[in-house]
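Undergrad: Quick note: the sequence shown uses my numbering, first residue 3, plus one each step.
Encoded as structure tokens, here's the structure I'll be asking about.
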Amino acid sequence: MQTEKELNTSHLPSPLCVTHSVPFLIYKYQHLPVATSPHSTSNKQPISMPSMAKTNVLLSFSLFLVLFNGSLGLTADRSRQHQGQCQLDRLNALKPGNRIKSEAGETESWDPNHDQFQCAGVAVVRRTIEPNGLLLPSYSNAPQLVYIVQGRGMTGTLMPGCPETFQESQESQGQGSRRLQDQHQKVHRFREGDVIALPAGVAHWCYNDGKERVIAVTVLDMANSANQLDDMNPRNFYLAGNPQEEFQQVKGQPRHRGEQRTGREPFRGHGQQQCNNIFCGMDTRFLAEAFNVSEQVARKLQSESDRRGNIVRVKGGLQTVMPPSLRQEEQEQGQRGEHRNGLEETMCTMRIRENIGDPSRADVFTPEAGRISTVNSHNLPILRYIQLSAERGVLYNEAMMMPHWNLNAHSIMYAIRGQAHVQVVDHSGRTVFDGEMREGQVLTVPQNFAVVKRSDQQSFEWVSFKTNDNAMISPLAGRTSALRAMPAEVLANAFRISVEDAKRIKFERQETTLTSHRSTRSGSWAEA
């Protein structure tokens, strides 16, 4: 008896590969026809249409190809850049190795020099922000994907050239005098389960206006071609404060002759005290002229002798221009119900977040086994530009995610809650990881390595960051598996088994992605 409820793929024939969140199974860069007759079997017969409509279709399709060609370039550059980096004999579930305390939180990072992260071309950091804590504005040399493990708050991305659409109302003050009205770019609210996309070089900030701590896990795609600064040296450029280095020094990074400094301490000019933001090395006179303020005010931009760290406490709470929360939630619900292709979204209006923690958002759901939700460039178009996607999974106790491999991406898995037994196998059949994965640990599963996850007496929750905006998996067992797609005779000869056993291997398991030890055993292949 089939117990699995498929939201997107249950009506499809058995494919070799499956994506959880889209109802069609094509490779990303397959050329699409401009327009075809609905009764035609050829992609070359155009539909008769008015010339104006045809022009519009061709224009839209040209824009579509431009976007996809850009993404193709990113993907191709990434694979060439990191060839030969995944010669791994053994994988490990890793805890963060570096911890920095701030006034209103802490920052923990994993060593980017580790072989697993070198293979995937990523860096990983976890930030904890206390209530009324503000993560100072900064930008990075690589695209980032952030998952909100816990808490809620607000964030702003500072897109260059975009209008300041959030404005205070004009109010008079005094006799004919008018105070400066604040206006700024859009502020986004976030909550537990949200995925937030941050392009390379785009400054952003984050504030916790809730009652519990915000915990956010971030993956930086260092191998992305948008990073032209350093291959595997993550750098955060802070616009304010005096933060410490978040990541350990990359091995073999040369220093200039005679250089005595350590960490990220910059050159000190013009009698400056110690500080670490990008204004530190600039002459205060230049800053005063650039901002048209006094030198005294300009000097404060350099945050001299600021010891609060990169997460500071806001006394009395942060006041910003924002629409009412209820109205905003209604607008967001309406956006989630719309079918967007991304062409009508500009960088200024493009959504940067999508929630994959809500159980009702599941793409795959099995009542006795668990659920999986994904976000990719189809439902969050900005991911097409940063070439990343994510998967959020929940395994109930004594449940399994079918053995599978990632077709086109590395997978960086972060354990949110609980624990599970995980096995990873490389191309030569070696078990490179066979152990428990627990809350707070990170495990890298390289592209094409086979992986299986199974929970025991407690449930297991995880989020996987994937280095492709449309990452796909290929199951090894179940209704959409590679083995199911093969003729029984091929299996019989490949494994030296009887044809009857081959058919049992093909048809005994009817679920596609998740299964439970407690679920009712599927019927025999003859009854399927």
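For each residue, glycine too, the CB sits at the ideal point set by N, CA and C.
The model shown is predicted, which means the values in this text are computed figures rather than measured ones.
Alpha carbon to alpha carbon, how far is Ile313 from Ala490? Give it in angstroms, no decimals.
TA: Approximately 60 Å, taken between the alpha carbons.
Undergrad: Rounded to the nearest angstrom, what separates Leu147 and Gly437 at their Cα positions?
TA: Straight-line Cα distance between these residues: approximately 27 Å.
Undergrad: Does DSSP put Cys121 in a helix, in a strand, or in coil?
TA: Of the three classes helix, strand and coil, the one that applies to Cys121 here is helix, per DSSP.
Undergrad: Can you give me the start and stop residues for the alpha helix (DSSP H) that Ile358 sits inside?
TA: That residue, Ile358, is in no alpha helix (DSSP H); it is neither H nor E in DSSP.
Undergrad: His429: buried (16+ other C-beta within 10 angstroms of its C-beta) or exposed?
TA: Looking at its Cβ environment, which holds fewer than 16 other Cβ atoms inside 10 Å, His429 is exposed.
Undergrad: Quick check on DSSP: helix, strand or coil for Thr351?
TA: It is coil, neither helix nor strand.
Undergrad: So if DSSP puts Lys468 in a beta bridge, which residue, or which two residues, is it bridged to?
TA: Its beta-bridge partners are Ser391, Ser413.
Undergrad: Taking the alpha helix (DSSP H) that Phe497 belongs to, which residues open and close that run?
TA: Note, Phe497: alpha helix (DSSP H), 490-497.
Undergrad: Whole-angstrom Cβ separation of Ala484 and Leu493, contact assumed at under 8 Å?
TA: Wrong, their Cβ atoms sit about 10 Å apart, outside the cutoff.
Undergrad: Buried or exposed, going by whether 16 or more other CB atoms sit within 10 Å of the CB of Gly195?
TA: It is buried - the Cβ of Gly195 has at least 16 other Cβ atoms within 10 Å.
Undergrad: Along the beta strand (DSSP E) that carries Ile313, what are the first and last residues, could you check?
TA: It spans 313-315 - the beta strand (DSSP E) in which Ile313 sits, taken as one unbroken run.
Undergrad: When DSSP labels each residue in this structure, what does Phe293 get in the three-state scheme?
TA: The answer is helix: DSSP assigns Phe293 an H, G or I state.
Undergrad: Would you report the Cα separation of Asp233 and Arg511, rounded to the nearest angstrom?
TA: Answer to the nearest angstrom: the Cα atoms are 44 Å apart.
Undergrad: Starting from Arg506, trace the alpha helix (DSSP H) both ways and give me its first and last residue.
TA: Element bounds for Arg506: 501-509.
Undergrad: Would the beta-carbon of Asn134 fall within 9 Å of that of Ala95?
TA: Result no, Cβ atoms of Asn134 and Ala95 do not sit closer than 9 Å.
Undergrad: Using a Cβ-Cβ cut-off of 7 Å (strictly less than) and excluding sequence neighbours within five positions of Arg101, which residues of its own chain qualify?
TA: Once the five neighbours on either side are set aside, the close Cβ partners of Arg101 are Glu108, Glu110.
Undergrad: Name the two residues that bound the continuous beta strand (DSSP E) containing Arg309.
TA: Run containing Arg309: none; DSSP gives neither H nor E here.
Undergrad: Nearest CA to the CA of Gly243: which residue from Glu297, Leu138, Arg287?
TA: The shortest Cα separation from Gly243 among Glu297, Leu138, Arg287 belongs to Leu138.
Undergrad: So the beta strand (DSSP E) Lys97 belongs to, where does it begin and stop?
TA: Looking at the DSSP string, Lys97 is not in any beta strand (DSSP E), and its letter there is neither H nor E.
Undergrad: If you run the structure through DSSP and keep just helix, strand and coil, what is Val299?
TA: Val299 falls in the helix class under three-state DSSP.
Undergrad: Would you report the Cα separation of Trp112 and Leu136, rounded to the nearest angstrom?
TA: The alpha-carbon atoms of Trp112 and Leu136 are separated by roughly 22 Å.
Undergrad: Using the rule of at least 16 other Cβ atoms within 10 Å of the residue's Cβ for burial, across every protein chain shown, is Phe249 buried or exposed?
TA: Buried, by the Cβ-count rule.
Undergrad: Is the beta carbon of Met415 less than 9 Å from the beta carbon of Arg456?
TA: Not in contact: Met415 and Arg456 (Cβ atoms no closer than 9 Å).
Undergrad: Starting from the C-beta of Gly99, find all residues in its chain whose C-beta is less than 8 Å away, skip the five residues before and the five after it, and write them out in chain order.
TA: Contacts found: Ser111, Trp112, Asp113, Gln250.
Undergrad: For Thr433, collect the residues of the same chain with a Cβ closer than 8 Å to its Cβ; drop the 5 residues on either side in sequence, then sort them by chain order.
TA: Excluding positions up to five away in sequence, the list reads Gln425, Val426, Val427.
Undergrad: I'd like to know if the segment 469-478 and the segment 371-380 are in contact, where contact means that at least 3 CB-CB pairs between them fall below 8 Å.
TA: Touching, yes, given that three or more Cβ pairs across the two stretches are closer than 8 Å.
Undergrad: Nearest-angstrom Cα distance between Asn143 and Pro201?
TA: So the alpha carbons of these two residues sit roughly 9 Å apart.
Undergrad: Tell me the rounded alpha-carbon separation between Phe119 and Glu502.
TA: Answer to the nearest angstrom: the Cα atoms are 44 Å apart.
Undergrad: If I measure Cβ to Cβ from Arg301 and keep anything under 7 Å in the same chain, skipping five residues before and after, which residues do I get?
TA: Cβ within range, chain order: Thr286.
Undergrad: Count the other C-beta atoms from every protein chain shown that fall within 10 angstroms of the C-beta of Cys350, then say buried if there are 16 or more, exposed otherwise.
TA: Exposed: under 16 other Cβ atoms inside 10 Å.
Undergrad: Go to Arg191, then tell me how far its beta strand (DSSP E) extends in each direction, as first and last residue.
TA: Residues 189-192.
Undergrad: Taking Thr130 as the reference, give the member of Arg92, Cys208, Pro145, Lys468 with the closest Cα.
TA: For the residues Arg92, Cys208, Pro145, Lys468, the minimum Cα distance to Thr130 belongs to Cys208.
Undergrad: Mark Asn294 as exposed unless 16 or more other C-beta atoms lie within 10 angstroms of its C-beta, in which case mark it buried.
TA: With fewer than 16 other Cβ atoms within 10 Å, it is exposed.
Undergrad: In the structure shown, what three-state DSSP assignment does Arg215 receive?
TA: Residue state, collapsed to three classes: coil.
Undergrad: Whole angstroms is fine: what's the gap from Phe239's alpha carbon to Met224's?
TA: Their backbone Cα atoms lie some 15 Å apart in a straight line.
Undergrad: Figure out for me which residue from Leu90, Val124, Gln460 has the closest Cα to the Cα of Glu441.
TA: It is Gln460.
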